[in-house]
Amino acid sequence: MPRLTGPRLLALALALLYAGFWVWYGGTGKPLSPNEVDRFMARIDAMATDHQSPFGARETIEAWARADDGREFFMINLVNDPADLAAAEAYNRVILPELFKRAGHPIFMSRSIARFIEPAGLAPWDFVAIVRYRSMRDMLDMITGPEAENIRHLKEGSVSKTHVFPTHIGFSLLWVRFLVALVFAALGVGLHFSLRPFVWYAR
Numbered sequence: 087m088p089r090l091t092g093p094r095l096l097a098l099a100l101a102l103l104y105a106g107f108w109v110w111y112g113g114t115g116k117p118l119s120p121n122e123v124d125r126f127m128a129r130i131d132a133m134a135t136d137h138q139s140p141f142g143a144r145e146t147i148e149a150w151a152r153a154d155d156g157r158e159f160f161m162i163n164l165v166n167d168p169a170d171l172a173a174a175e176a177y178n179r180v181i182l183p184e185l186f187k188r189a190g191h192p193i194f195m196s197r198s199i200a201r202f203i204e205p206a207g208l209a210p211w212d213f214v215a216i217v218r219y220r221s222m223r224d225m226l227d228m229i230t231g232p233e234a235e236n237i238r239h240l241k242e243g244s245v246s247k248t249h250v251f252p253t254h255i256g257f258s259l260l261w262v263r264f265l266v267a268l269v270f271a272a273l274g275v276g277l278h279f280s281l282r283p284f285v286w287y288a289r
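Number 289 marks the last residue of the sequence shown (the numbering used here); no jumps.
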């Protein structure tokens, strides 16, 4: 059996940390069960006012949830400039921690620089954002959780108009798992050269 030297222990520790990240980051979980969908829909119904779902058409959400495949997805957000900049900043302060703790995060954000091809009569979008969700389960948990009402209230005040729809990636050169692997590799190289002068590390 190979002796566990300092460099090997370092490599093992970083490999275990990366494996932990890979499992936590997920993206290929189990689809929602019928019971889970029923439970989430009951939460949404409990939040409804005047028989109106707080998150748009109830039927659309339920149909999507019942067709869930358990995979990660990427939400495309087409947005007009904020109706209230302070509300937009407050919304980001609330929504980002809720995303991050569920391994969700923005992938791409960009502002329109000119008008080009668009249907006649359609007002142009000012901003596009792509947000990664680990699963449908995470999204439903977030929009029905303790911060749900605050998130909904701030979102309504933060944008004048928005169009949101989910997608699965067909092709992308941006792969977060690979970027994190590069960070761990760079960290490993840096730690290795920093620890080399110590006798206990080389043993």
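No residue lacks a Cβ here, since even glycine has one placed at the ideal position from N, Cα and C.
Given the structure is predicted, the values throughout are model-derived calculations rather than measurements.
query: Between D167, N236, R223, V269, which has its C-alpha nearest S246's C-alpha?; result: D167
query: Please say whether I181 and I216 have beta carbons closer to each other than 8 Å?; result: no
query: If you count every other CB in all the chains shown that lies within 10 Å of the CB of V269, and 16 or more means buried, which is it?; result: exposed
query: What alpha helix (DSSP H) runs, 4 residues minimum, are completely inside the stretch 100-186?; result: 120-133, 144-152, 171-186
query: So the candidates are Y219, P283, L277, F279; which of them puts its Cα closest to the Cα of T114?; result: Y219
query: Can you tell me whether DSSP reads S280 as helix, strand or coil?; result: helix
query: Nearest-angstrom Cα distance between H278 and L240?; result: 47 Å
query: Whole angstroms are fine: how far does the CA of Y287 sit from the CA of N178?; result: 44 Å
query: With a threshold of 16 other CB atoms inside 10 Å of the CB of F284, please say whether the residue is buried or exposed.; result: exposed
query: Hey, is the stretch 107-123 in contact with the stretch 144-157, meaning 3+ C-beta pairs nearer than 8 Å?; result: yes
query: Rounded to a whole number of angstroms, what is the C-alpha to C-alpha distance between A189 and L226?; result: 14 Å
query: Can you tell me the Cα-Cα spacing of W110 and T248, whole angstroms?; result: 30 Å
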